[in-house]
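**Student:**
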Amino acid sequence: MQNLKKYLLLDSGLVVGYTLENAQLKLNKLKKDTENNPLFGEEYFAENPKLWEVRFDNSYPNVIYDKELKLYRCWYQTFVSDEASEETPLAERGEKEYIVKSSRMTALCYAESKDGVKWEKPNLNLVKFKGSKDNNIVLMHAHGAGIMLDEQELDPKKRYKLVSKLEFSPNLHYMVVVFSEDGIHFDEPIPWKKWNPAADSHNFPFRDPKTGKYAVITRTWANNVRLSAITFSDDFINWSEPKEILRGDGFEDQIYSMPVISYADIYLGFASMYHEGDTLNENYDKVDLELKFSANLEQWDSVCKGDYLIERGGGVYPQNADFDASCIFTAAPIIEGDKIWFYYMGGNGNHTGFRESSLARGYIKKDQFAYYTNKREGIPAKISTVSFQTYDDEIYILADIPENGYIKVAVGTKYGNAYSDFGQEDISLVQVSDGKYKLEFNKKSILDLGNSPVAFKFEIENAKLYGIEGSIQQHYLKY
242 MQNLKKYLLL DSGLVVGYTL ENAQLKLNKL KKDTENNPLF GEEYFAENPK
292 LWEVRFDNSY PNVIYDKELK LYRCWYQTFV SDEASEETPL AERGEKEYIV
342 KSSRMTALCY AESKDGVKWE KPNLNLVKFK GSKDNNIVLM HAHGAGIMLD
392 EQELDPKKRY KLVSKLEFSP NLHYMVVVFS EDGIHFDEPI PWKKWNPAAD
442 SHNFPFRDPK TGKYAVITRT WANNVRLSAI TFSDDFINWS EPKEILRGDG
492 FEDQIYSMPV ISYADIYLGF ASMYHEGDTL NENYDKVDLE LKFSANLEQW
542 DSVCKGDYLI ERGGGVYPQN ADFDASCIFT AAPIIEGDKI WFYYMGGNGN
592 HTGFRESSLA RGYIKKDQFA YYTNKREGIP AKISTVSFQT YDDEIYILAD
642 IPENGYIKVA VGTKYGNAYS DFGQEDISLV QVSDGKYKLE FNKKSILDLG
692 NSPVAFKFEI ENAKLYGIEG SIQQHYLKY
C-alpha cells in the first residue's frame, strides 16, 4: 500500500476551471472559544499593574506547543513606552485622539499555559524595567519578533530561534537573529550582515520542509502600500535579499503580516489585511484575516478574496466593542487531534486609534479550511479535478454530507466523460470517520485502468467538499 497523500481543493491548481458548474468555494469560519475568550490582555491599568504592558497594539503573537515541556508558550510584543496610552485612562479614550510619538518603545514578553486556556505571565528576572526585573520581558526593543521551535536542530543551544527588527529609534534599527535553548534565556543578538528591510511587522520564521532552508516572511513597502516579502537562509544567520511575494489590492486591502504553515503539500498563509483608502467604509482602519495559499512560497493567491477566516466581533469602541471588534493578528495555528487551533490577538479599537488587545483562540476542524458547494439552491454543483495517477483502491474524499445533501463521484478523463464502470452509479461513499468517506468501486478496481490518468468528477448538493486523500499522485502535464 502506498502512503496516502492529501489534496485540498482550495488549491486552484487541482481544479479544471472551465468545467465548473454552479460551484463556489467558501471559507469555513473559525469557531471561537466563547467560553474562555479573551485569554489574557493588557494589564497597565490593572489593580496590580504591569507597567510594561502599556499597549499590546498588534502584538504579533507567537504561540507554540512545546511537547518536551508540555506547555503552550506565547511570545508577544508590547509597547513598554507610549505616552498617549499611558496618559489616557480607559474611560477617557473615546474623547481623545491617539497621537503617536517617536518615543514609543517595544519589547517582547512571554506567557505560558498548561492547557491553552489559563495563562500565566511569569516573572523572569531577566530585564530591568523602571528599576525592577520583576517582569516577563524577554527582549527589549524587539519589533515584530518571530520565534520558531526548530525540532530538527542538532545543537540544543539553538533549539529556539528568534528573528526581529531591533528598533532603538526611527533612525537606528536593524535586523537580528537570536538563539536559545529554553525559549526564555536568549544569547546575544546577531545582526544581519546584509539587508535591512522595513520589517515593521511580524517577522515570521520557519523551516521549509521541502528544501530544509529557513525562511522569514517579513513586510516591506512599495508605492505607499504594505506588502509581504520572503528571505531565505541555510544557517539562520546569513539571509538572502528579501523578495516581494504578495501585495493586496490598493490602499483598501494591504498585507500587514502573514504567518504561514506547510499543509497537504502546499503552503497556507494567514494574512492580516489592513483597510484604508476610504474613510466611509465600515472596515476603514480595521484589520481582517484572509486565507492565502501557495505551491512554492514565492507566488501566492487568495482562497476566498474578501472573505475572512476569523470574523471580527461586534460593537463600537469604546462604548460596547467586543474585545476583537476591529483588528485580528494570528499566530501560526497548532494542530491537535481533529482540530486546528488559532491563537490570535484581537483589538477592540481601530488600528491607528486607541485600542486594547487581548489573546484569544478558536478552531476549525482538520482539513476544513475551505470547501466547494453549490452556488444556487436546488441546482447541484459540478466539479472536475486535474488528472491523478492511482496506485490502489484506497481513496477517500474529505467532506461533510448532511442528511439533506449528497456528493456523487465519477472517475474519468480530465476533459471528457466517466470511464466505463466508473460512473456515479458505480461508486459508493462509505463514511469511515467524521468528515471522511471512502470510495467503494462496485464493479472494477481502479487498478484495472492501468496507467491511465484519472480525474475525479463530483456532483454536490447541500454538502461541503474539502479535498481528496489516498494512494494518488497529481499527474503533471504541460497542458
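Our numbering puts the first residue of the sequence shown at 242, with every later residue one more than the last.
The beta carbon of each residue, even a glycine, is placed where N, CA and C say it ideally should be.
Values in this document were obtained by computation on a predicted structure and should not be read as measured data.
1. With DSSP run on the structure shown, which of helix, strand or coil describes T593?
2. When the Cα atoms are used, what is the spatial distance from D274 to D634?
3. Please return the same chain residues whose Cβ sits closer than 6 Å to the Cβ of D526, not counting the five positions on each side in sequence.
4. In terms of alpha-carbon separation, which member of E539, Y613 and L349 lies closest to R314?
5. Which stretch, first to last residue, makes up the beta strand (DSSP E) that contains A325?
6. Going by the DSSP bridge assignment, what does F570 pair with across the sheet?
7. Determine the closest residue to K435 out of F427, D428 and V417, with distance taken between C-alpha atoms.
8. From the DSSP output, in three-state form, read off G258 for me.
9. Counting pairs of Cβ atoms below 8 Å between the stretch 611-622 and the stretch 323-331, do you hit three or more?
10. Whether or not the stretch 253-266 and the stretch 284-302 are in contact is what I'm after, with contact meaning three or more pairs of Cβ atoms, one per stretch, closer than 8 Å; do they touch?
11. Are the stretch 639-658 and the stretch 691-707 in contact at 8 Å, needing three or more beta carbon pairs?
12. When you compare only the Cα positions, how much space is there between Q722 and E284?
13. Please name the residue or residues paired with I425 in a DSSP beta bridge.
14. Could you tell me if N589 is buried or exposed, where buried requires 16 or more neighbouring beta carbons within 10 angstroms of its beta carbon?
15. May I ask you to report which of helix, strand or coil DSSP gives S729?
16. With G510 as the anchor, note down where its beta strand (DSSP E) starts and where it stops.
17. On the DSSP bridge assignment, give the partners of D490 in chain order.
18. DSSP three-state label for S253, please.
19. Would you kindly work out how many angstroms separate the C-alpha atoms of E338 and F564, rounded to a whole number?
20. Decide if H384 is buried, meaning its Cβ has at least 16 other Cβ atoms within 10 Å, or exposed.
21. In terms of DSSP beta bridges, what is N303 paired with?
22. Taking C-beta to C-beta, are V544 and A640 nearer than 7 Å?
23. Use the C-beta contact count for T520: other C-beta atoms within 10 angstroms, 16 or more gives buried, fewer gives exposed.
24. Buried or exposed: which applies to S498, given that a residue is buried once 16 or more other Cβ atoms fall within 10 Å of its Cβ?
25. Mapping the DSSP letters down to three states, classify L280 as helix, strand or coil.
26. Going by C-alpha distance, which of Y351, K451 and S373 is nearest P363?
27. If you drop the 5 nearest sequence neighbours on each side, which residues of the same chain put their C-beta closer than 7 Å to that of K719?
28. Is G708 near L250, with beta carbons less than 7 Å apart?
29. Quick check on DSSP: helix, strand or coil for A332?
30. Going by beta-carbon coordinates alone, are F447 and M389 separated by less than 7 Å?
31. Tell me the DSSP secondary structure of K399 in three-state form.
32. Helix, strand or coil for D667 per DSSP?
33. Determine the contact status of I505 and K247, defining contact as a CB-CB distance below 7 Å.
34. In three-state terms, what does DSSP make of G657?
35. Measuring only the C-alpha atoms, how far is T372 from F320?
**Tutor:** Walking through what the data contain:
1. T593: coil per DSSP, three-state reduction.
2. Distance between the alpha carbons of D274 and D634: 39 Å.
3. N591, H592 and T593.
4. Considering only alpha carbons, the answer is L349.
5. Element bounds for A325: not the beta strand (DSSP E) but the alpha helix (DSSP H), E324 to E328.
6. M586.
7. The residue with the shortest Cα to Cα distance from K435 is V417.
8. Here G258 carries a helix assignment [DSSP, helix/strand/coil].
9. With the rule of 3 Cβ pairs closer than 8 Å, the stretch 611-622 does not count as touching the stretch 323-331.
10. No: fewer than three Cβ pairs fall under 8 Å.
11. Here the stretch 639-658 lies against the stretch 691-707, with 3 or more beta-carbon pairs under 8 Å apart.
12. Given that the chain is displayed from residue 242 to residue 720, the structure contains no residue 722 and the question cannot be resolved.
13. I425 is not bridged to any residue.
14. Classification of N589: buried, given that the 10 Å Cβ count is 16 or more.
15. Any answer about residue 729 is impossible in this case: the structure gives the chain only from 242 up to 720.
16. For G510, the enclosing beta strand (DSSP E) has its first and last residue at I507 to Y515.
17. Beta bridge pairing from DSSP links D490 with D494.
18. S253 sits in a helix when the DSSP states are folded into three classes.
19. Near 20 Å, if we compare the C-alpha coordinates of F564 and E338.
20. Taking all protein chains in view, the Cβ of H384 is crowded by 16 or more other Cβ atoms within 10 Å, so the residue is classified as buried.
21. DSSP, once it has assigned bridges, lists W316 as partnering N303.
22. Taking a C-beta distance under 7 Å as the contact criterion, V544 and A640 do not qualify as a contact pair.
23. When all chains shown are included, T520 counts as exposed.
24. Under this definition S498 is a buried residue.
25. Coil.
26. Nearest in C-alpha terms to P363, of all of Y351, K451 and S373, is Y351.
27. With a pLDDT of 48 at K719, under the threshold of 50, the modelled position of that residue is not reliable, and the figure given next carries that caveat. Excluding residues within five positions, none has a Cβ falling inside 7 Å.
28. Yes; because the gap between Cβ atoms is below 7 Å, this pair is in contact.
29. In the three-state reduction of the DSSP assignment, A332 falls in the helix class, which pools H, G and I.
30. Closer than 7 Å, so yes.
31. Here K399 carries a helix assignment [DSSP, helix/strand/coil].
32. Under the three-state reduction of DSSP output, D667 falls in the helix class.
33. Per the sequence shown, the amino acid found at residue 505 is Ala instead of Ile. Against a cut-off of 7 Å, the Cβ pair of K247 and A505 comes out as a contact.
34. Three-state result, G657: coil.
35. The sequence given here places Gly at residue 372; Thr does not occur at that position. Roughly 17 Å separates the two Cα atoms.
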